[in-house]
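**Student:** When you read off a place in the sequence shown, starting at 1, and then add 125, the result is the number in the numbering used here. Each residue gets a CB set at the ideal place from its N, CA and C atoms; glycine is no exception. Everything numeric in this text was worked out from a predicted model, so none of it was measured.
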Amino acid sequence: MSKLYFIVGSQDLYGEECLKQVAADTQEMVDFLNEKLADTITIELLPTVETSRICVEDMKKVVVDDDCVGVITWMHTFSPAKMWIKGLQLLNKPLLHLHTQANEALPYSEIDMDFMNLNQAAHGDREYGFILSRLGIAHEVVAGFYKHEDVIARIRQFAQVAKAIDSSRNTLVATFGNNMRDVAVTDGNRLGCEIKYGWEIKYWGIGEIADLADAASEAEIDAKMAEYESKYTMATDNIEAVREQARYEVAIEKFMEKTGATSFTDTFQDLHGMKQLPGLAAQNLMAKGVGFGPEGDYKISAFSQVLMKMAEGREGATGFIEDYTYDMVPGRELELASHMLEVPASFAAGKPEIQVHPLGIGGKADPARLVFDGVTGDGIQVTLVDLGDHFRIICADIELVEQPEVMPKLPVARVMYRHKPNFAIGTAAWCYAGGAHHSVVSTALNRSDIILFAKLTGTELITIGDDTTQEEIDRWGLPQMR
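1. Excluding the 5 residues flanking M305 on each side, which residues of the same chain have their C-beta closer than 7 angstroms to its C-beta?
2. Given this structure, state the Cα-to-Cα distance separating D183 from D192, to the nearest angstrom.
3. Could you name the residues that DSSP lists as bridge partners for D503?
4. Taking the Cβ atom as the reference point for each residue, do A412 and S471 lie within a distance shorter than 8 angstroms?
5. Enumerated in chain order, which unbroken segments of the beta strand (DSSP E) with a length of 3 residues or greater are wholly contained in the segment 528-579?
6. Using only alpha-carbon positions, find the residue among I486, G456, G414 that is nearest to T443.
7. Residue range of the beta strand (DSSP E) that I589 falls in?
8. Might you give, ordered along the chain, the residues of its own chain that have their beta carbon closer than 6 angstroms to the beta carbon of A473, omitting 5 neighbours on each side?
9. Between the Cα of L402 and those of A299, M433, L466, A351, spot the shortest distance and give me the residue it belongs to.
10. What residue range does the beta strand (DSSP E) around Y253 cover?
11. How many angstroms separate the CA atom of G404 from the CA atom of P492?
12. Roughly how many whole angstroms lie between the Cα atoms of I331 and A371?
13. Check whether the Cβ atoms of H248 and F283 lie closer than 8 angstroms to each other.
14. Counting pairs of beta carbons, one from the segment 449-461 and one from the segment 498-505, are three or more of them closer than 8 angstroms?
15. Taking Cβ to Cβ, would you say V187 is nearer than 8 angstroms to K218?
16. Please specify which runs of the beta strand (DSSP E), each continuous and at least 3 residues long, are wholly inside the segment 192-230, giving them in chain order.
17. Does the separation of the CB atoms of M200 and D250 fall below 8 angstroms?
18. Verify whether the separation of the beta carbon atoms of L158 and I280 is less than 8 angstroms.
19. Tell me, to the nearest whole angstrom, how far the beta carbon of I262 is from that of L223; I am working on the premise that it is less than 8 angstroms.
20. How would you label G416, buried or exposed, when you count the other beta carbons within 10 angstroms and need 16 or more for buried?
21. Can you name, in chain order, every residue of its own chain whose Cβ lies under 7 angstroms from the Cβ of I486, other than the five neighbours on each side?
22. So what's Q146 in DSSP terms, helix, strand or just coil?
23. Mind checking H264: buried by the 16 CB within 10 Å criterion, or exposed?
24. Note the first and the last residue of the continuous beta strand (DSSP E) segment covering E447.
25. If you run the structure through DSSP and keep just helix, strand and coil, what is V174?
26. Identify the continuous alpha helix (DSSP H) that holds E265 and give its terminal residues.
27. Look at the alpha carbon of A553 and the alpha carbon of Q480, and state the distance between them as a whole number of angstroms.
28. Just the Cα atoms here: how many angstroms apart are N242 and Y139?
29. With the cut-off set at 8 angstroms, would you say G475 and R539 are in Cβ contact?
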């Protein structure tokens, strides 16, 4: 299981008895947090930082432990910050500064100088906060008594985001074919993605999948068909078309196992050797946490995988969506978000149906796909764009809703949502911010999760929601929006 290391700060001027109490209090804190966060993360205590050398040794352990996704630090006493510099300069994982105390209430009738010397978080944490700021280290600060539920919730959120960042650094996107030839927003700096987020973006010809699909055995295809029939309703007589998608999923899974790829893209402009555009196969894989981006969109493929990892253990759906078309009737302005085929099965409000229909693009045979209506509830829409000299995340608050009327002639997965604060401001703000038509929608995550991810990765963030005003987005339209 993933772990966070916990490091407490003190110094040797207060004597051995004080340091023993620091260690005991910190162990009690770690034991309590392990009990509360057992479903999310393991926390392991490292030696108390009393000197620069100990800090360096602690941080080396943080850096080299593959199971460690981040570190929690707390200054029980006053811990002079110069002795933290060399250790912090080694750190390359997310950092949480826990601004807390061993005691919840002051013992007013008994407090003396010994108590003051021992319990100096208000003193020591400010010294520590300064050096983090001076060194320019991205970090999260959680302030409050460590046993309070809101503090525990924020530590849990940090752990989830830290695990997602760790996943991000181990992401390999297999791009089958290149970016869709004339599309701008899905293109960008692949090397920049690897430097910034750790995403390896590598190209393979779609023929790799075509060959593996051709080599898939009947037993492998039968097993995949049994999986489909257990999860979905077979609403087609064209079983061969469905078996073709099963071939593709078998092939993609084998390819990912062989190469270590965790996400993939394809494009209908490069399907040489394929009979169909992967639809059902991609939808089923995304429901298992595999990142995907259509039309060669490697950024959204990696980003969807990272956010699905962040959402693990939470109720709700998370995955790729594409903006498509609007209902602009006054008072019910809605967006229909879908795609030609590849909306994750995790967004289904009911049991999806497997259907086979023509696809008026790509020039291939009729593909099998999952058809369903989407889930409802509050959510976010998030995208990441490459603006040339920096990356930008745009996060919009939305409300997923039921479709007002049936759509009998639209055989795709259908997700509908309402923009906040309203259609005019919400959609205009997305356009001003350069938001892409490919995004990740989630009813499991919220704006604060994305804020924390952006903070810890040093990514520019623009948020849109009930607090967004027309005056604000008018300023975005001026030069030097940043």
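**Tutor:** According to the structure data:
1. T311, T392, Q394, E420, G421
2. 15 angstroms
3. E524
4. yes
5. Unbroken beta strand (DSSP E) runs of no fewer than 3 residues, entirely contained in the segment 528-579, are found at 540-544, 563-567, following chain order.
6. G414
7. Run containing I589: 585-589, per the beta strand (DSSP E) assignment.
8. F497
9. L466
10. It is not in any beta strand (DSSP E) - Y253 instead sits in the alpha helix (DSSP H) that spans 246-260.
11. 7 angstroms
12. 16 angstroms
13. no
14. no
15. yes
16. Here the runs fully enclosed are 193-200, 220-224.
17. yes
18. yes
19. Not quite, the Cβ-Cβ distance comes to about 15 angstroms (not below 8 angstroms), so this is no contact.
20. buried
21. By the criterion of a C-beta distance shorter than 7 angstroms, I486 is surrounded in its chain by F393, M465, once the five residues flanking it on both sides are discounted.
22. helix
23. The residue in question, H264, is buried, as its Cβ has 16 or more Cβ neighbours within 10 Å.
24. From DSSP, the beta strand (DSSP E) with E447 extends over 443-452.
25. strand
26. Here E265 belongs to no alpha helix (DSSP H); instead the beta strand (DSSP E) covers 265-268.
27. 36 angstroms
28. 7 angstroms
29. no
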